[in-house]
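Going down the list, the sequences are from chains A and B.
In terms of numbering that gives the first Met the number 0, the first sequence is residues 0 to 327.
In terms of numbering that gives the first Met the number 0, the second sequence is residues 0 to 347.
To keep things clear, I will list the structure first and then write my remarks on it.
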Amino acid sequence: MPNNNLANSSWNQANSKGLLSALGRFSDLRLLLAIVLAMAVLGFLSEAFFTPGNLSSVGLYWSFVAMAALGQLFVVIVGGIDLSVGSTMGLSGIVTASIMADGGNPYFAVAVGIAIGVAVGLFNGFFVAYIGITSFIVTLGTLQLVRGITLGYKQGQAVSGLPEAFIKIGSTPFLGFPIPLWILAGLAITVWLFLSRTAQGRDIYAVGSNQLASGLAGVPVKRRILLAFTLSGLFASIAGVLVTARLGSAVPNAGVGMELIVIAAVVIGGASLAGGRGTALGVLLGGLLIALVNNALVLLAVPTYWQQSFIGAVILAAAMFDLIRRRK
Amino acid sequence: MQFKNMKRVNAVIAALTLGMVLSGCATAAETEPSAENTTTEASSEASKCETAKDSYTFAFIPKALNNPVFEITRQGADDKATELGNVTLEWVGPATTDAAAQSQIIDDLVTRGVDGIVLSANEATALDPAIGRAVDAGIPVFTWDSDAPESKRLTNIAIDQEAAGKLAGELLAAALPEGGEVAVLTGTPGALNLEQRLAGFEAGIASNPDLEIIAVDPNFDDVQRAVEIVEQRINASPNLAGYHFVGMWPFFADLASMPNLQQFVADGGYVNSLDSLEGALNAVDQGYANELVGYSWWGFGQTGVQAMYDLLNDCVTPADPIYTELFVVDESNIDEYIQRQEETGGAF
């Protein structure tokens with residue numbers, strides 16, 4: 000086992016026990032407290048914030064962002080980046096919708112949509128891990144390639160007329176919470192267990208911390224990188240299928256720009272773009288902050304032309320806050 | 000004897016020669032027009048437009064290939080090109096809303112030598128240089144829907160954006176005589192056509208000083224964002240009386256994804272939208288909106304192809320601008336429009 004303090008530290012933080020550790024990390028707890036404070040402020044400034052309808056809407060947007068961000072987490076931990084998640088969401092959604100609109104079995108349609116995400120992830124991972132092209136370039140290429148396929152597949156047309164049962168998955172409450180939130184919870188727990196309880200999870204941290212050393216120690220580096228990108232594609236496609244269910248239709252520009260939102264959620268949640276660091280809880284919190292910011296734009300009626308600046312400022316502030324607390 | 004024979008030979012030669020000359024003159028008389036006919040035909044040739052050709056290639060450039068609204072225009076353009084018979088239509092655009100990409104596409108089309116370009120500009124001024132290069136290369140350029148007014152384009156085929164927004168504002172003001180809070184949903188801030196519509200809407204509601212715009216929420220042309228904004232805005236604004244959509248983005252989603260909107264209308268709230276494509280018609284039909292200010296996206300395509308053909312084939316300079324008629328859809332005529340939508344697939 001290499002003397003890899005950073006990998007051990009990150010893995011141990013994800014795996015350790017105790018009340019605070021059960022929340023993931025002490026730093027995640029501070030981010031959680033910051034989010035709680037933000038929610039309190041929003042609730043004070045707007046009566047509508049804590050209404051069931053508003054919380055449900057925030058929760059839905061959070062679930063889609065965080066799902067894709069959980070997949071991105073694997074890639075960021077191994078030191079890469081996946082710019083194709085938005086395009087993958089769009090293609091998965093429109094293919095799933097098309098199959099159902101043409102009378103196909105919904106289970107088959109969803110399976111195909113998710114398989115598309117896996118295929119895109121495998122494609123990305125292969126070129127990064129085995130061909131050796133930097134992930135930024137590979138996924139920038141697949142961002143365009145997959146978006147082009149999405150446009151060409153239906154000639155730029157939206158697809159509607161989906162089965163009621165499928166649409167209901169997108170927003171129907173179950174025990175008080177929308178179904179996508181339950182799916183997000185299940186995925187987050189799975190990711191946490193995988194990263195903290197399995198050898199493959201430890202390997203992913205090791206690869207991100209020091210690829211050379213982990214390879215010398217016997218970690219199958221290329222396979223782990225391939226796995227990371229495949230999981231990113233998988234999670235993006237799940238999010239894309241659920242967004243389609245939420246809207247009840249698939250539009251060709253679905254997911255445009257989502258890659259930047261997803262990466263922001265991962266970074267805000269404490270993952271390092273240099274690799275070797277990040278937790279599922281951090282991603283959940285980062286995604287929640289993004290969802291709260293979008294909600295705040297509406298509740299506080301932020302002036303139209305300044306909204307993008309507002310979003311950018313919040314993201315930068317969160318990233319700076321995270322950087323400062325890590326250096327202490 | 001020899002001399003007699005030579006005489007006969009010369010006579011035969013002369014006769015043959017005379018015959019050839021006479022037959023040549025007759026042939027010439029059959030093929031060459033009379034002086035009078037030549038003048039007429041020469042006049043006809045002179046009156047034909049010098050840009051007239053046997054066939055044409057027109058390129059339509061939408062704002063983005065990923066916006067389903069433009070597909071109706073494409074259908075209209077396709078239908079007209081088929082009707083004319085000698086027009087080839089090319090539909091080429093950027094994958095996403097990108098003015099720089101459109102500029103490059105224009106330059107590429109100039110290089111390829113298309114006969115005409117019809118463009119929906121992503122930005123009001125950024126495409127002026129590219130349009131200028133195309134026109135300088137002898138390729139006429141029209142704009143449709145979203146204009147580049149300071150460029151060398153010959154005409155803009157669109158609705159009067161301000162008039163459309165103003166009509167929507169007047170409809171809202173008439174529906175809410177007691178006044179109240181009003182919210183507006185728009186797309187990407189800065190898009191010229193949307194800004195003109197918004198300005199018109201504000202002018203339209205000015206007749207009722209008791210109406211107050213409490214928010215103008217941009218969805219950046221993202222349907223998912225539009226749905227979330229609508230639901231959150233209605234939830235966050237208990238005193239909301241009216242809601243105006245500058246475009247029909249939320250109606251591209253399944254209407255059932257907006258229960259707050261349906262309840263808002265059911266409770267007496269007023270909603271109107273620009274655009275009258277299928278999703279918007281369904282919104283009025285199913286109680287998610289009260290009125291629409293509609294116009295024919297299909298007609299843009301028809302007009303674009305016809306006007307370009309008239310210009311190149313017959314030297315008919317188009318009027319500037321060419322405005323498409325506006326119409327109002329409400330509960331009194333929604334059945335008629337639904338039927339028309341079903342019968343034509345939106346081609347009206």
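For glycine and all other residues, C-beta sits at the position ideal for the given N, C-alpha and C.
Being a predicted model, the structure only gives us computed values, none of them experimental.
Can you tell me whether residue i is buried or exposed, with buried defined as 16 or more other CB within 10 angstroms of its CB?
i, result
"B/P237", "exposed"
"A/L196", "It should be noted that the sequence gives Arg, not Leu, for residue 196 of chain A. It counts as exposed."
"B/F141", "buried"
"A/G116", "buried"
"B/R111", "exposed"
"B/T124", "exposed"
"A/K16", "Annotation note: pLDDT 48 at A/K16 (below 50); position unreliable, no value reported."
"A/F135", "exposed"
"B/E40", "Only weak support exists for where B/E40 lies, its pLDDT of 38 falling under 50; the value from the coordinates is given anyway. The residue in question, B/E40, is exposed, as its Cβ has fewer than 16 Cβ neighbours within 10 Å."
"B/S256", "buried"
"B/A279", "buried"
"A/L272", "exposed"
"A/Y106", "exposed"
"A/S248", "buried"
"B/N85", "exposed"
"B/D266", "exposed"
"A/F43", "exposed"
"A/M319", "exposed"
"A/A96", "buried"
"B/V304", "buried"
From the options, pick the residue whose C-alpha is nearest to that of residue i; which is it?
i, options, result
"A/M257", "A/F173, A/L161 and A/Q71", "A/Q71"
"B/D114", "B/Q101, B/A129 and B/A136", "B/A136"
"A/A83", "A/L144, A/D27 and A/T278", "As written in the sequence, residue 83 of chain A is Ser, which differs from the Ala given in the question. Nearest of A/L144, A/D27 and A/T278 to A/S83, Cα basis: A/L144."
"B/G179", "B/V134, B/E290, B/Y269 and B/D77", "B/Y269"
"A/P179", "A/E46, A/Y60, A/A317 and A/A318", "A/Y60"
"A/Y129", "A/A253, A/I224 and A/G268", "A/I224"
"A/L139", "A/I80, A/Q154 and A/T95", "A/I80"
"A/I289", "A/R222, A/G275, A/Y304 and A/I314", "A/I314"
"A/F176", "A/V218, A/S62, A/G239 and A/L31", "A/S62"
"B/T96", "B/T72, B/L311, B/A129 and B/F219", "B/F219"
"B/G293", "B/V328, B/I130, B/A190 and B/S102", "B/V328"
"B/F57", "B/N65, B/V109, B/Q340 and B/A63", "B/V109"
Under DSSP, the beta strand (DSSP E) around residue i begins and ends at which residues?
i, result
"A/L82", "No beta strand (DSSP E) contains A/L82, which DSSP labels as neither H nor E."
"B/A157", "T154 to A157"
"B/S272", "Y269 to L273"
"B/Y242", "L239 to F244"
"B/D106", "Counting along the chain, B/D106 falls outside any beta strand (DSSP E), though it belongs to the alpha helix (DSSP H) covering A98 to R111."
"B/V215", "L210 to P217"
"B/Y287", "Premise fails: B/Y287 is in no beta strand (DSSP E) and is neither H nor E."
"B/Y351", "Residue 351 of chain B is absent from the model: chain B starts at 0 and stops at 347."
"B/F59", "Y55 to I60"
"B/F250", "Looking at the DSSP string, B/F250 is not in any beta strand (DSSP E), and its letter there is neither H nor E."
So residue i is in the alpha helix (DSSP H); what residue range does that whole segment cover?
i, result
"B/V327", "Note, B/V327: premise wrong, no alpha helix (DSSP H); beta strand (DSSP E) at F326 to V328."
"B/E342", "I333 to T343"
"A/T141", "S134 to Y152"
Mind reading off the beta-carbon distance from residue i to residue j? Whole number of angstroms is fine, and I expect it under 8 Å.
i, j, result
"A/G124", "A/S91", "Between A/S91 and A/G124 the Cβ distance is about 17 Å, and since that is not below 8 Å, they are no contact."
"B/M247", "B/D274", "4 Å"
"B/P148", "A/Q306", "Actually they do not touch by this definition, with Cβ atoms about 27 Å apart."
"B/E290", "B/N259", "Not confirmed; about 19 Å, so no contact."
"B/R132", "B/D106", "7 Å"
"B/Q262", "A/V297", "In fact, because the Cβ distance is near 18 Å, the residues do not count as touching under 8 Å."
"A/V250", "B/P67", "7 Å"
"B/A51", "B/T154", "About 20 Å separates the two Cβ atoms, so there is no contact after all."
"B/F347", "B/W143", "About 17 Å separates the two Cβ atoms, so there is no contact after all."
"B/V183", "B/I228", "About 11 Å separates the two Cβ atoms, so there is no contact after all."
"B/L175", "B/L197", "Contact doesn't hold; Cβ gap of about 18 Å is too wide."
"B/I60", "B/Y322", "Rounded, the Cβ-Cβ distance is 21 Å, inconsistent with contact."
Let me check you understand the geometry: is the CB of residue i closer than 6 Å to at least one non-hydrogen atom of the ligand ADP?
i, result
"A/S134", "Within the structure as shown, the ligand ADP is missing, as the structure has no ligands at all."
Query raised in the report: What residues in the stretch 219-253 of chain B have a beta carbon less than 9 Å from any beta carbon of chain A?
Result: F219, D220, D221, V222, Q223, R224, V226, E227, I228, E230, Q231, R232, I233, N234, A235, S236, P237, F251, A252 and D253
Query raised in the report: What residues from the stretch 292-303 of chain A come within 7 Å of chain B, judged by C-beta to C-beta, listed N to C?
Result: N294, V297, L298, A300 and T303
Query raised in the report: Given a limit of 9 Å on CB to CB distance, which residues of the stretch 256-271 of chain B reach chain A?
Result: If the cut-off is 9 Å between Cβ atoms, the stretch 256-271 of chain B has S256, P258 and N259 near chain A.
**Report entry** Residues of the stretch 54-69 of chain B whose Cβ lies closer than 9 Å to any Cβ of chain A, in chain order
**Finding:** Cβ proximity to chain A below 9 Å picks out P61, A63, L64, N65, N66, P67 and F69 from the stretch 54-69 of chain B.
**Report entry** the stretch 77-91 of chain B: positions lying closer than 7 Å to chain A by Cβ
**Finding:** none
**Report entry** Within 8 Å of chain B by C-beta, residues of the stretch 152-163 of chain A in sequence order
**Finding:** Q154, G155, Q156, A157, S159 and L161
Query raised in the report: Along the stretch 50-62 of chain A, what residues have a CB closer than 7 Å to any CB found in chain B?
Result: When C-beta distances to chain B are compared with 7 Å, the residues of the stretch 50-62 of chain A below that value are T50, G52, N53, S56 and Y60, in chain order.
Query - Residues in the stretch 204-217 of chain B having any Cβ partner in chain A nearer than 9 Å - result: The residues in question are I213, A214, V215, D216 and P217.
Query raised in the report: What residues from the stretch 110-125 of chain B come within 7 Å of chain A, judged by C-beta to C-beta, listed N to C?
Result: Within the stretch 110-125 of chain B, no residue has a Cβ lying closer than 7 Å to any Cβ of chain A.
Report task. Can you give me, in chain order, the residues of the stretch 238-266 of chain A that have a beta carbon less than 8 Å from any beta carbon in chain B? Result -> V242, R245, L246, G247, S248, V250, P251, N252, A253, V255 and G256
Report task. For the stretch 165-198 of chain B, enumerate the residues whose C-beta is nearer than 8 Å to any C-beta of chain A, in chain order. Result -> T185, P188 and G189
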